[in-house]
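Using full-length UniProt numbering, the final residue of the sequence shown is 358, and nothing's skipped along the way.
We treat Cβ as the ideally placed atom computed from N, Cα and C, and that holds for glycine.
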Amino acid sequence: MGRTPGTRPTLAKVAERAGVSVSTASLAFSGSGPITPETRDKVLAAASDLGYTGPNPLGRQLRRGRSGIVGVVIGDQPGRAFRDPVAVQVLDGLVDVLGTDGLGVLLIRGVRGEDTVDPLLETAGMDVAVLVWGALRDDPTLAALQRRDVPVVIGEGHAVEDAPLVALEDRAGTAEAVRHLLELGHTRIAEIALPFDQHERSGPVDAARLAQADRTSTAHRLAGVRDVVEPVLTWECPASLVEHGRDAATEILGAWVPASERPTAIVAHSDLLAAGAVIAARELGLRVPEDVSIAGFDGLDLPWLSPDVLTSVHQPLRDKGAALGRAVIDLLAGEEPTTVTLPVGFVPGTTTGPVPAL
């Protein structure tokens, strides 16, 4: 006998049909607990007959005091994240790990406009929030989550009390890239930098602005350059996008810059910025690396830049996402928060070479 049209099967009806208590019927669906195989088969047969597919998973999660959702804060403009292979690969690693533990993901933008947070940060149900690109010193996104007592996991940001941190050896990696340029004879080295804070800005950086670098990845890479050499010029970009690297390199290498003063090498804080610099150099009639060497950071596969292959510091992008996911699972399991620091590796490509002869 099947389900009667217009009626909704319930666990209570299944229990009644199987001749067992509601709690016993619930055990049959949980897959665990003190229930014999014969009783489980009887309950499942009754459920099949009634068209009952099992308890509501959201209700089960709420009874456990959880939503089963992890909020993932991906920046102030999500569209950019999906244009950036770095963000995509990190998210791939994160989602893969969370999925194995039955956790879903809610993508949330961070600050909107002038210190205005996304309403989801104030209202959405989530067990943990992951700040993929870290927290600033005075971060309205982090403050909104802390007001709600939502646990957080930090990726490459300032350390937060009671929050796991997934960090990167990017300062050391950037220094290695600059040493490579010095070994090739370059002394006039310019720098194309990631954003310093949540305020989008494009332009040269002076000492006062340098002291304001708040994003941890930016601060680490700025420091890595200066551990080896003082750059002749640092240009801040509003985002890690090819067009921003192109614009910066056009200013740095433009025809109005005397050849005797033009940088012979550029170190960029990301591969997309470095790729933009390669494009700008080509457009200006400069050969890479014969006239100018360019190094990046990330280790992306950029076939559209062919025949060039970027000299770059490679970071473990999917592993970074996976580490964030494991930190979420450990946090939900009551484990003590830890800091995980991931290594990077310098890999020479075709975009760096000896300093041009005078």
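Contact annotation: the stretch 156 to 173 does not touch the stretch 246 to 255, with fewer than three C-beta pairs closer than 8 Å. Rounded to whole angstroms, residue 165 and residue 200 show a C-alpha spacing of 25 Å. As summarised for the stretch 216 to 288, the continuous alpha helix (DSSP H) elements at least 4 residues long and confined to that stretch are 216 to 226, 242 to 253 and 271 to 283, given in chain order. Here residue 155 carries a strand assignment [DSSP, helix/strand/coil]. Here residue 215 is buried. Its C-beta has 16 or more other C-beta atoms within 10 Å. If you draw a straight line from the Cα of residue 126 to the Cα of residue 162, it comes to about 18 Å. The stretch 174 to 220 is shown to contain whole alpha helix (DSSP H) runs of 4 or more residues at 207 to 210, in chain order. Nearest Cα to residue 128 within the set 151, 107, 350 and 197: 151.
The stretch 189 to 203 makes contact with the stretch 251 to 268, as at least three CB pairs between them are under 8 Å. Here residue 82 is exposed. Its C-beta has fewer than 16 other C-beta atoms within 10 Å. DSSP places residue 39 inside the alpha helix (DSSP H), whose first and last residues are 37 to 50. Residues of the same chain with their beta carbon placed closer than 7 Å to that of residue 287 are lacking, with the five preceding and five following residues left out of the count.
When C-beta atoms of the stretch 43 to 53 are compared with those of the stretch 14 to 29, three or more pairs fall below 8 Å, so the two segments count as touching. A distance below 7 Å separates the beta carbons of residue 74 and residue 132.
Taking a contact to require three or more Cβ pairs closer than 8 Å, the stretch 324 to 335 and the stretch 91 to 98 qualify as touching.
Looking only at 339, 188 and 236, the smallest Cα-Cα distance to residue 206 is reached by 236.
With fewer than 16 other Cβ atoms from the protein chains shown falling within 10 Å of its own Cβ, residue 347 counts as exposed.
Look at the beta carbons and you see the stretch 140 to 147 not touching the stretch 217 to 231: under three pairs across the two are nearer than 8 Å.
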